[in-house]
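Using this note's numbering, you'd call the opening residue of the sequence shown number 20 and step up by one each time. Report on the structure given below.
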Amino acid sequence: ETANTFGFYKVGWRGILIDMEEDKVCVAKMARKRDVVIQSAISDRVETLNIYSPGNFSTNATIDSEAAAKHPEYQRRNDITTETLTEVLDRCDCPERFEFLNIDCEGNDFRVLKGLSLVKYQPKVICIEIWESKAGLDDMIASDIHKHLVSRDYELKSWAIFSAIYVRKPGS
20 ETANTFGFYK VGWRGILIDM EEDKVCVAKM ARKRDVVIQS AISDRVETLN
70 IYSPGNFSTN ATIDSEAAAK HPEYQRRNDI TTETLTEVLD RCDCPERFEF
120 LNIDCEGNDF RVLKGLSLVK YQPKVICIEI WESKAGLDDM IASDIHKHLV
170 SRDYELKSWA IFSAIYVRKP GS
């Protein structure tokens, strides 16, 4: 119930939910019957990577080995083959224009974003985790994520802790 998107689901929205861990996918399929729920690891290219997690059913699992190395409680769980977000959206027949995209991938967020064609798919609002925001606005604005989105006609509208909200410029 702490997921950014669960509040939208509770008021009738539906969407595509992607998680790389089988146990969380099974629970999501039961709890969010209107959503398309997919087990996958998303990145900017196809490769086989390790999943690291601090425990079973953790909300902090990652495929970012550098992020996992900073936390001794993270253990290697299993391998998974990544795919791009564009590939998943294509497979799910996602409309090219949609309201909201949430990216929260525990350090892999920029790679997820790079794997999305913002020419083909044009979400109106993107909420994305930017770890640099912990150090302040200047560091967030200097981040690769911010530069990537601004160069593709998105404007930073707000942020809270690690989550930044970008809105597509009108007419773009």
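Note that beta-carbon positions come from the ideal geometry of N, C-alpha and C, so glycine has one too. Being a predicted model, the structure only gives us computed values, none of them experimental.
| Check | Outcome |
| --- | --- |
| Three-state class that DSSP yields for ARG187 in the structure shown | strand |
| Buried or exposed by the 16-neighbour rule on C-beta atoms within 10 Å, applied to ASN97 | exposed |
| Nearest-angstrom Cα separation, counted from GLU102 out to ARG64 | 6 Å |
| Straight-line gap, PRO189 to LYS176 (C-alpha atoms, nearest Å) | 13 Å |
| Beta carbon of GLN203 nearer than 7 Å to that of ARG116 | The chain is shown from 20 up to 191; residue 203 falls before or after that span and cannot be answered. |
| Assigned exposure category for MET39 - 16 Cβ within 10 Å defines buried | buried |
| Own chain partners of SER191 with C-beta closer than 7 Å, once the 5 adjacent residues on each side are dropped | ASP172 |
| Proximal residues to ASP33 (C-beta, below 7 Å), its chain only, five neighbours per side dropped | Here the sequence assigns Arg to residue 33, which means Asp is not the residue at that position. These residues qualify, in order along the chain: ARG53, ASP54. |
| Endpoints, beta strand (DSSP E) assigned at GLU148 | 141-148 |
| Those residues which DSSP pairs with GLU66 across a bridge | GLU66 is not bridged to any residue. |
| GLU148 vs PHE119 beta-carbon contact at 7 Å | no |
| Cβ contact (3+ pairs, closer than 8 Å) linking the stretch 121-135 and the stretch 75-94 | yes |
| Neighbourhood of GLU174 by C-beta distance below 7 Å, restricted to the same chain and skipping five residues each side | TYR185, VAL186, LYS188 |
| Exposed unless 16 or more other CB atoms sit within 10 angstroms - verdict on PHE76 | exposed |
| Element boundaries [alpha helix (DSSP H), containing ARG110] | 104-110 |
| Straight-line gap, TRP150 to MET159 (C-alpha atoms, nearest Å) | 8 Å |
| Assigned secondary structure, ILE164 (DSSP; H/G/I helix, E/B strand, else coil) | helix |
| Residue closest to LEU137, alpha-carbon to alpha-carbon, out of GLN94, SER59, LEU168, ALA22 | LEU168 |
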